[in-house]
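Q:
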Amino acid sequence: MTTIQFPLNADINRREIPSITVSHLTVAYRQVQALVDVNCAIARGRLTGIIGPNGAGKSTLIKAMLGLVPTVVSGENCGIVLYEGKPLVNQREKVAYVPQRSQIDWTFPATVWDVVMMGRVQKTGWFRPFSSVSRRLGAEALARVGMSDYRDRKIGELSGGQQQRVFLARSLAQEADIYCFDEPFVGIDQKTQDIIFDIFHELADRGKTVVVVNHDLGNSIQNFDDLILLNRQVIACGSREQVLKAENLYQAYGGKVVFFNSEAA
Numbered sequence: 001m002t003t004i005q006f007p008l009n010a011d012i013n014r015r016e017i018p019s020i021t022v023s024h025l026t027v028a029y030r031q032v033q034a035l036v037d038v039n040c041a042i043a044r045g046r047l048t049g050i051i052g053p054n055g056a057g058k059s060t061l062i063k064a065m066l067g068l069v070p071t072v073v074s075g076e077n078c079g080i081v082l083y084e085g086k087p088l089v090n091q092r093e094k095v096a097y098v099p100q101r102s103q104i105d106w107t108f109p110a111t112v113w114d115v116v117m118m119g120r121v122q123k124t125g126w127f128r129p130f131s132s133v134s135r136r137l138g139a140e141a142l143a144r145v146g147m148s149d150y151r152d153r154k155i156g157e158l159s160g161g162q163q164q165r166v167f168l169a170r171s172l173a174q175e176a177d178i179y180c181f182d183e184p185f186v187g188i189d190q191k192t193q194d195i196i197f198d199i200f201h202e203l204a205d206r207g208k209t210v211v212v213v214n215h216d217l218g219n220s221i222q223n224f225d226d227l228i229l230l231n232r233q234v235i236a237c238g239s240r241e242q243v244l245k246a247e248n249l250y251q252a253y254g255g256k257v258v259f260f261n262s263e264a265a
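Residues 1 to 265, numbered by the UniProt record's numbering, are exactly what the sequence shown covers, in order.
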């Protein structure tokens, strides 16, 4: 495994210090290991992609990091995930998480505005009126993703790309420190993909921690600063250039990977 260590001397830019550290993380479903002894570090202020073949455990890794799936194997706790030195599972209020579109019930009778304002519930509380600040943040988030004109539309009436923009707006309204997105580019148009990447880079530039599960090894891979290459265990992690090496890709995918219009060979 190729592991890139982040320097921790006192003079280093704070953004280059890992904000999330994953140590010895193992996940099993019905005694079948989905992740095996995963170790990696994720830096703030950089856009980090989790890549790997189908069934590699990419989505499982994000869910395990957030405490959404158990990391207990044969009765023993397997692994720990820290955010700034403390268990991430105890700091969920700092996380904005957007799951795969296939996991969302699009028949639920919610409007675009309803969905966006769900991002403010943690700050406001259930069944309490939203403050003027929360409403302003919701409106600004909708405007940023270009969906203000759809505010009163039912979420199920939108296209896949529009739905993804709305859930991105919800995460922006949350004003989180950590943003986790699971396969946000599946089934969307190029315009929406460009908008999403622009926002991801804006968040990273503001020092946020941005983690994205991505199945595409095409041109979109060039948008990431750092990568975690996964196939049930970490094959490589670090900068894009360090990870996208032929030997790493061969180990992960089991064959030759050809890039078109890419800096990786």
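Quick reminder that beta carbons are idealized off the backbone N, C-alpha and C, glycines included.
In the DSSP assignment, find the unbroken alpha helix (DSSP H) run with Val243 in it and report its ends.
A: Residue mapping note: residue 243 aligns to position 243 of the sequence shown, counting from 1. Bounds of the alpha helix (DSSP H) holding Val243 are Arg240 to Val243.
Q: Tell me, please, whether the region 152 to 169 touches the region 218 to 238 by the rule of three or more beta-carbon pairs shorter than 8 Å.
A: no
Q: For the alpha helix (DSSP H) containing residue 271, name the first residue and the last one.
A: Since the first residue shown for the chain is 1 and the last is 265, residue 271 is missing from the structure and cannot be characterised.
Q: Short of 6 Å in beta carbon distance, which residues of its chain neighbour Asp225, apart from the five on each side in sequence? Order them along the chain.
A: Locating residue 225 in the sequence shown gives position 225, counting from the first residue. Hits under 6 Å: Arg46 and Leu47.
Q: Once the 5 residues before and after Pro87 are set aside, which same chain residues still bring their CB inside 8 Å of it?
A: Here residue 87 is taken as the residue at index 87 of the sequence shown, counted from 1. Same-chain partners within the cutoff: Ile80 and Val81.
Q: Should Gln122 and Gln193 be called a contact, given that it needs their Cβ atoms to be closer than 8 Å?
A: Reading the sequence shown from its first residue, position 122 is the one you call residue 122. Reading the sequence shown from its first residue, position 193 is the one you call residue 193. No, they are not a contact pair.
Q: Output the distance between the C-alpha atoms of Gln251 and Arg144, rounded to the nearest integer angstrom.
A: As a working note, residue 251 is residue 251 in the sequence shown. As a working note, residue 144 is residue 144 in the sequence shown. Approximately 40 Å, taken between the alpha carbons.
Q: Quickly, what does DSSP pair Cys40 with across the bridge? List them, please.
A: In the sequence shown, the residue the question calls residue 40 occupies position 40. Partner(s): Val22.
Q: Using C-beta distances below 7 Å, list every residue in its chain close to Asp37, excluding the 5 sequence neighbours before and after it, in chain order.
A: For the purposes of this step, residue 37 is taken as residue 37 along the sequence shown, with counting starting at 1. Within the same chain, Asp37 has close Cβ partners His24, Thr26 and Gln233.
Q: Who are Ile228's beta bridge partners in DSSP?
A: Numbered from 1 along the sequence shown, position 228 holds the residue referred to as residue 228. In DSSP, Ile228 forms a bridge with Ile50 and Cys237.
Q: For Gly49 versus Leu249, is the C-beta distance shorter than 8 Å?
A: On the sequence shown, residue 49 is found 49 positions in, with the first residue counted as 1. On the sequence shown, residue 249 is found 249 positions in, with the first residue counted as 1. It is not a contact, given that the beta carbons lie outside the stated cut-off.
Q: Check whether the Cβ atoms of Tyr179 and Ala64 sit closer than 8 Å, and answer yes or no.
A: Within the sequence shown, numbered from 1, the residue matching residue 179 stands at position 179. Within the sequence shown, numbered from 1, the residue matching residue 64 stands at position 64. Result no, Cβ atoms of Tyr179 and Ala64 do not sit closer than 8 Å.
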